[in-house]
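S.K.:
2 protein chains.
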Amino acid sequence: MNSQYQRNAGFILWFTGMSGAGKSTLSQAVYDRLREGLGEQFIATGRIELLDGDEVRTHLSKGLSFSKADRDTNIRRIGFVSRLLARNGVIVITAAISPYREIRAEVRRLAAAEKIPFVEVYVEAELEVLIDRDTKGLYKKAIAGEIKDFTGISAPYEAPENPEIHIRSDRQEISESVDAILSQLIERELIERKP
Amino acid sequence: MNSQYQRNAGFILWFTGMSGAGKSTLSQAVYDRLREGLGEQFIATGRIELLDGDEVRTHLSKGLSFSKADRDTNIRRIGFVSRLLARNGVIVITAAISPYREIRAEVRRLAAAEKIPFVEVYVEAELEVLIDRDTKGLYKKAIAGEIKDFTGISAPYEAPENPEIHIRSDRQEISESVDAILSQLIERELIERKP
């Protein structure tokens with residue numbers, strides 16, 4: 001990190017991945033562990049907010065479509081709000097598909113410009129597994145052409161090339177993934193384990 | 196306030212008033228005084244963010260018009276972001292026209308539901324004075340019919356009935372107004388003057 005960066009202040013934990021890959025579940029689990037852990041297991045000055053993609057669409061981006069331009073706008077807004085929070089010492093966890101590499105890079109760059117640590121978590125599962133799970137029935141509809149611009153089917157997902165954390169949700173348990181993420185946060189000195 | 200409210204935590208200082216009434220100037224002055232004063236003259240645990248109407252339109256509401264529906268959406272977004280910040284201990288100062296009473300009341304209600312103090316500052320000046328000042332040349336255009344839905348000319352401004360603070364920018368100096376606002380914040384125990 002940057003030498004001016006104050007240890008244990010706010011940071012952004014940015015989940016990216018296709019629909020159904022497990023971003024919401026995993027981000028919620030990390031949020032819960034950190035929330036209950038901050039007083040007990042972990043030390044961090046930051047408070048925590050979870051900005052879930054669906055919630056953000058309701059409050060910040062109602063009316064936006066899933067075209068590339070509108071998705072970019074949505075991600076920029078999440079980035080803007082995340083920076084506002086993180087620069088005030090809040091640990092911000094975001095969980096939006098954020099399929100375009102360029103916009104994720106932009107969000108990262110703008111965070112860096114404010115000395116806000118940005119940790120990208122790529123949540124991956126084989127497309128076959130996602131289609132097979134299809135918890136919300138969206139893949140079926142997308143394949144049938146009933147949903148336009150569906151990431152992974154009729155719209156691209158550009159996988160991160162160098163994410164700080166890479167989770168294979170089709171090969172590991174949620175608890176394993178959560179542990180892996182928390183370990184990375186400790187390693188990066190964004191949180192500390194209590195002695 | 197509420198007994199559960201923790202003294203000197205985050206709160207929302209919400210400026211409302213017509214274009215040119217002095218919201219931006221005044222909110223910036225309060226922001227500056229608080230920012231420099233928090234370490235010296237005042238005590239507050241909160242950090243500070245200023246959400247100016249124009250900046251917010253760029254980052255959160257690009258594409259929205261000035262119709263009632265779009266203005267309401269814009270104000271709801273500012274309210275959402277303000278609550279996110281304030282509930283994490285940030286002092287949030289907003290400066291948007293926010294002409295509709297009902298939406299301001301909604302933002303206030305949602306803040307109260309999270310025990311976030313909401314302080315409304317009504318910045319008023321006679322319409323004649325605003326038209327006379329017309330620093331941005333907008334009133335002239337609005338009167339000529341070149342700008343649609345312009346607050347005070349071709350769209351309503353619903354003045355607050357019971358604002359916590361009422362500033363007459365056409366009758367008092369900026370420094371007087373800033374002092375009046377800071378005094379109110381002290382009186383409400385949202386900030387403290389250092390002994």
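If you read the sequences in order, they're chains A and B. Under the working numbering, the first residue of the first sequence carries the number 1, and numbering increases by one thereafter. Under the working numbering, the first residue of the second sequence carries the number 196, and numbering increases by one thereafter. All residues carry an ideal CB built from backbone N, CA and C; glycine is no exception.
Taking the straight line between their C-alpha atoms, what separation do you get for K23(A) and R193(A)?
M.R.: Cα to Cα, K23(A) sits roughly 24 Å from R193(A).
S.K.: To the nearest angstrom, how far is the alpha carbon of T73(A) from that of L325(B)?
M.R.: Computed Cα separation, rounded: 35 Å.
S.K.: Between R228(B) and the rest of its own chain, which residues show a CB-CB distance below 7 Å, the 5 nearest in sequence each way excluded?
M.R.: Correct list, in chain order: V373, L377.
S.K.: My parser needs the beta strand (DSSP E) runs of 3 or more residues fully inside the stretch 226-300 of chain B; what are they?
M.R.: Runs of the beta strand (DSSP E) inside the stretch 226-300 of chain B: 242-247, 285-290.
S.K.: Report the residues of the stretch 283-312 of chain B with a CB closer than 8 Å to any CB of chain A, ordered along the chain.
M.R.: Of all residues in the stretch 283-312 of chain B, N283, G284, V285 have a Cβ within less than 8 Å of some Cβ in chain A.
S.K.: Between which two residues does the beta strand (DSSP E) containing I165(A) stretch?
M.R.: Per DSSP, I165(A) belongs to the beta strand (DSSP E) from 165-168.
S.K.: Tell me, please, whether the stretch 281-297 of chain B touches the stretch 63-77 of chain A by the rule of three or more beta-carbon pairs shorter than 8 Å.
M.R.: Taking 8 Å as the limit for Cβ pairs, the verdict is that the stretch 63-77 of chain A does not touch the stretch 281-297 of chain B.
S.K.: Could you list the residues in the stretch 28-55 of chain A with a C-beta less than 7 Å from some C-beta on chain B, going in chain order?
M.R.: Taking 7 Å as the Cβ-Cβ cut-off against chain B, the residues of the stretch 28-55 of chain A that qualify are R47, E49.
S.K.: Please classify N357(B) as buried or exposed, where buried requires at least 16 other C-beta atoms within 10 Å of its C-beta.
M.R.: Per the 10 Å Cβ criterion, exposed.
S.K.: Determine whether the Cβ of F206(B) lies closer than 8 Å to any Cβ atom of chain A.
M.R.: Chain A contact via Cβ: absent.
S.K.: Looking at C-alpha atoms only, which residue of L255(B), Y226(B), R296(B), G332(B) is the closest neighbour of S82(A)?
M.R.: Nearest of L255(B), Y226(B), R296(B), G332(B) to S82(A), Cα basis: L255(B).
S.K.: Would you identify the three-state DSSP class for Y200(B), choosing helix, strand or coil?
M.R.: With a pLDDT of only 38 at Y200(B), under 50, the local geometry of the prediction cannot be trusted, and no value is derived from it.
S.K.: Once you ignore the five residues that flank N197(B) on each side, which residues in its own chain have a CB closer than 7 Å to its CB?
M.R.: Reliability of the predicted coordinates at N197(B) is poor, the pLDDT of 33 falling under 50, and no value is obtained from them.
S.K.: Across the stretch 339-346 of chain B and the stretch 230-250 of chain B, are there enough close Cβ pairs to call them in contact, namely three or more that are closer than 8 Å?
M.R.: Counting Cβ pairs under 8 Å, fewer than three are found: no touch.
S.K.: What do you reckon, are the CB atoms on V119(A) and Q184(A) nearer than 8 Å?
M.R.: Yes; because the gap between Cβ atoms is below 8 Å, this pair is in contact.
S.K.: Quick check on this structure: which residue in V302(B), R230(B), P355(B), K336(B) has the alpha carbon closest to the alpha carbon of V316(B)?
M.R.: Ranking the options by Cα distance to V316(B), first place goes to P355(B).
S.K.: Given this structure, state the Cα-to-Cα distance separating Q199(B) from G284(B), to the nearest angstrom.
M.R.: In this prediction, Q199(B) scores a pLDDT of 36, lower than 50, which makes its location untrustworthy; no coordinate-derived value is stated.
S.K.: Please check if any C-beta of chain B sits within less than 8 Å of the C-beta of R77(A).
M.R.: Chain B contact via Cβ: present.
S.K.: So, does the CB of H254(B) fall closer than 8 Å to a CB anywhere in chain A?
M.R.: Judged by the 8 Å Cβ criterion, H254(B) is in contact with chain A.
S.K.: When the cut-off is 8 Å and only beta carbons count, does L279(B) lie next to chain A?
M.R.: Yes, because at least one Cβ of chain A sits closer than 8 Å to the Cβ of L279(B).
S.K.: I need the DSSP call for I207(B), collapsed to helix, strand or coil.
M.R.: Looking at I207(B) - three-state DSSP - the assignment turns out to be strand.
S.K.: For R202(B), which residues from the same chain have a beta carbon less than 6 Å from its beta carbon, with the 5 sequence-adjacent residues on both sides left out?
M.R.: With a pLDDT of 41 at R202(B), under the threshold of 50, the modelled position of this residue cannot be trusted, and the question is left open.
S.K.: 8 Å is my cut-off, CB to CB: does K257(B) come that close to chain A?
M.R.: At least one chain A Cβ lies under 8 Å of K257(B).
S.K.: Under 8 Å between C-beta atoms, does T135(A) make it to chain B?
M.R.: No, its Cβ sits nowhere closer than 8 Å to a Cβ of chain B.
S.K.: Just to confirm my understanding: we take S262(B), look at its own chain, exclude 5 residues before and 5 after, and list those with CB closer than 8 Å. What are they?
M.R.: Closer than 8 Å at Cβ, skipping near neighbours: D344.
S.K.: Consult DSSP for T346(B) and reduce its assignment to one of helix, strand or coil.
M.R.: In this structure, T346(B) counts as strand in the three-state DSSP scheme.
S.K.: Let's test the definition: count the other Cβ atoms within 10 Å of the Cβ of D307(B) and tell me whether it reaches 16, buried, or not, exposed.
M.R.: For the sequence presented, residue 307(B) should be read as Ala rather than Asp. Answer is exposed; the Cβ neighbour count stays below 16.
S.K.: Can you say whether S370(B) is buried or exposed, counting buried as having 16 or more other CB atoms within 10 angstroms of its CB?
M.R.: With fewer than 16 Cβ atoms within 10 Å of its Cβ, S370(B) is classed as exposed.
S.K.: Return yes when at least one heavy atom of the ligand SAM lies under 7 Å from the C-beta of P355(B), else no.
M.R.: Because no ligand of any kind appears in the structure shown, any question about the ligand SAM cannot be addressed here.
S.K.: With a 10 Å radius around its C-beta and 16 neighbouring C-beta atoms as the bar for buried, classify T16(A) as buried or exposed.
M.R.: So T16(A) ends up on the buried side.
S.K.: Looking at the structure shown, is R388(B) part of a helix, part of a strand, or coil, going by DSSP?
M.R.: Of the three classes helix, strand and coil, the one that applies to R388(B) here is strand, per DSSP.
S.K.: Does the beta-carbon of T346(B) have 16 or more other beta-carbons within 10 angstroms, so that it is buried, or is it exposed?
M.R.: T346(B) should be labelled buried.
S.K.: Alpha carbon to alpha carbon, how far is P99(A) from L85(A)?
M.R.: Using only the alpha carbons, I get a separation of about 23 Å.
S.K.: Flag F210(B) as yes if its beta-carbon sits less than 8 Å from any beta-carbon of chain A, otherwise no.
M.R.: Answer no: the Cβ-Cβ gap between F210(B) and chain A never drops below 8 Å.
S.K.: Could you tell me the alpha carbon to alpha carbon distance between D327(B) and Y334(B), rounded to whole angstroms?
M.R.: Computed Cα separation, rounded: 9 Å.
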